[in-house]
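Protein chains in written order, with the UniProt record's numbering: chain A, 1 to 296; chain B, 1 to 296.
Scroll down for the structure; my scribbles are underneath it.
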């Protein structure tokens, strides 16, 4: 039977997302808080140099450096590309990792609450989603597992045999909010409890159906031909992560006052609305569909 | 009679506070929106290099470089120290400025709404405060005018013969929110309307008493002897800018769970609660008393 023997809790992949950094520090000060009987837990602060610089990253986004082909490429030598190789040696190697489950802790400036992001498919993840949602009804389950195979996935959490992201907001970059830290701590505890019960084959009866959001694609801020932003997220959409956007709803406001309407044909559910870290790519939000995770 | 002939609206003193930058861009695209009959308005983007780097500043905080002694010191040569000298030549010189009123636009990550900050005293400011509060009842008037004489004041707005800050939040760093941009635009329009009526000696009847908050001092996050943070702003205080803190109220939560109570002897009113930009100095919030601005 499948067992989780080694769990890694990773904070500070992004240097200005403080909840994970401080939660890892707390776990290091009081290891019993992340300890369970059936597995070993280690805690890792992934990018202290970016934290010291008070930036998301020094040279490139560490959470985009974990494709197999990139990990194997000695020409990729900048700070985060180097950190990725070190973390892969420390916790992996990806594809044959000594880490059974990697829990990667992140913050967003968007109003997403506590969100469990699954980047791969399978019954282990489905049971975890059902367990977390049952014990934390306000939690959001987000699925992004059918776009890439693990080896092509660039995210840090794909380094483990299993891997998930815990994404909590809203929190401005470079700020530590108690309510957001509490939410992250709560979700991590539920995940650790789930793993313990999973290992002991002692899971409670789980709901057969769990609501989730499946990533479709991202959309960009309005721009002109010169690549300059000419508008912003509409105030009706701001802070309404997971709330439906219907065809014809206003989605952007241009700086000249014009409202831009959503032209899609189906209802979609936005996440990462107006996320600060995505401005470098002019991304306005991610669009999702609502799906159901079913247990057999 | 006192007349305001030259107004400067300054955005982007801090590179990751986007509302002022985009409002200045809008005014440059549609100058009639900041034009009035009795004075000339110019718009200035103070620190484009910091915006390009997506940082508050490159080398030092531009909004702390405007003391007379520093402007006159040729040894202060970093990027922002140099920008301050250039802006002083362009809009000043401080003490004999060609700019009659400088309006400096800022964002905070704190839940402060639209806040008019007065850094000097006098009937012009008192009338402006009364006018703005009368026309925008949710606006906050903040006074910080009795701690320094203008020549010792380091803020950019002290460069003008008159100068005020417009501080609007909550907005994460490096994000543009429509609601926050709208608030800033509304407050700036009221200030420009006030100046027009002031110049024309045509002000309406103003309230004799206007509520304001007077800055007392700032307090630091809990730290240990090694200078490491050991706690955070208490969740009961987070987002409650301008709400009273009474002696004995919880104000911080330590990472070990201990609550730290406010030990002052009087009721105080916090502002800039958990402001991201103040973490470099470990500042937790500013404390204020409630005062009344009286017109004669």
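Yeah, the Cβ is synthetic: ideal placement off N, Cα and C, and Gly gets one too.
Distance from the CA of residue 152 of chain B to the CA of residue 119 of chain B, rounded to the nearest whole angstrom, comes to 11 Å. When the Cα atoms are used, residue 261 of chain A and residue 111 of chain A turn out to be separated by approximately 22 Å. Beta-bridge pairing by DSSP links residue 286 of chain B to B/218 and B/271.
For the options A/47, A/202 and A/226, the alpha carbon positioned closest to that of residue 24 of chain A is the one of A/47. For the C-beta of residue 234 of chain B, the chain A residues within less than 9 Å are, from N- to C-terminus, 178. Around residue 175 of chain A, the beta-carbon contacts reaching into chain B at under 7 Å are 109, 274 and 276. Its Cα nearest to that of residue 13 of chain A, the residue A/50 stands out among A/50, A/114 and A/2. The DSSP-derived three-state label of residue 190 of chain A is helix. Three or more beta-carbon pairs separated by less than 8 Å are not found between the region 49 to 64 of chain B and the region 218 to 234 of chain B, which leaves the two stretches without contact.
Under the rule that a run must span 4 or more residues, the alpha helix (DSSP H) segments found entirely inside the region 97 to 142 of chain A read 123 to 135.
Proximity of residue 279 of chain A to chain B, defined by a Cβ-Cβ separation below 7 Å, is satisfied. With respect to the C-alpha of residue 26 of chain A, the residue from A/38, A/39, A/43 and A/15 having the closest C-alpha is A/43. Beta bridge pairing from DSSP links residue 27 of chain A with no other residue.
If you compare the alpha carbons of B/22, B/171, B/5 and B/148 with that of residue 277 of chain B, the shortest gap goes to B/171. Per DSSP, residue 10 of chain A is not a residue of any alpha helix (DSSP H); the beta strand (DSSP E) it occupies stretches across 6 to 11. With respect to residue 130 of chain A, residue 295 of chain A sits close: the two C-beta atoms are nearer than 7 Å. Residue 84 of chain A carries a helical assignment under DSSP once its states are collapsed to helix, strand and coil.
Annotation for residue 71 of chain B: the continuous alpha helix (DSSP H) segment containing it runs 68 to 71. The region 245 to 255 of chain B makes contact with the region 223 to 237 of chain B; the number of CB pairs closer than 8 Å reaches 3 or more. Checking the DSSP bridge columns, you'll see residue 95 of chain A has no partner listed. Segment contact: the region 72 to 85 of chain B against the region 138 to 152 of chain B, fewer than three CB-CB distances shorter than 8 Å; contact not assigned.
Distance from the CA of residue 283 of chain B to the CA of residue 1 of chain A, rounded to the nearest whole angstrom, comes to 52 Å. Sorting B/62, B/5, B/163 and B/45 by C-alpha distance to the C-alpha of residue 35 of chain B places B/5 at the top.
Look at residue 223 of chain B here: in three-state DSSP terms it is strand.
The beta carbon of residue 31 of chain A does not come within 7 Å of any beta carbon belonging to chain B, so the residue lies off that interface. Taking the C-beta atoms as reference points, residue 161 of chain A is found nearer than 7 Å to residue 100 of chain A. In the DSSP assignment, residue 162 of chain B falls within the beta strand (DSSP E) that extends over 162 to 169.
Proximity of residue 172 of chain A to chain B, defined by a Cβ-Cβ separation below 7 Å, is satisfied.
Using a 10 angstroms sphere on the CB of residue 147 of chain A, the tally of other CB atoms stays under 16, which defines it as exposed.
Residue pairing by DSSP puts residue 232 of chain B in a beta bridge opposite B/253. Here residue 114 of chain A is not near residue 216 of chain A, since their CB atoms are 7 Å or more apart. Annotation: residue 150 of chain B is outside any alpha helix (DSSP H) and is labelled neither H nor E by DSSP. For residue 51 of chain B, the enclosing alpha helix (DSSP H) stretches over residues 48 to 52.
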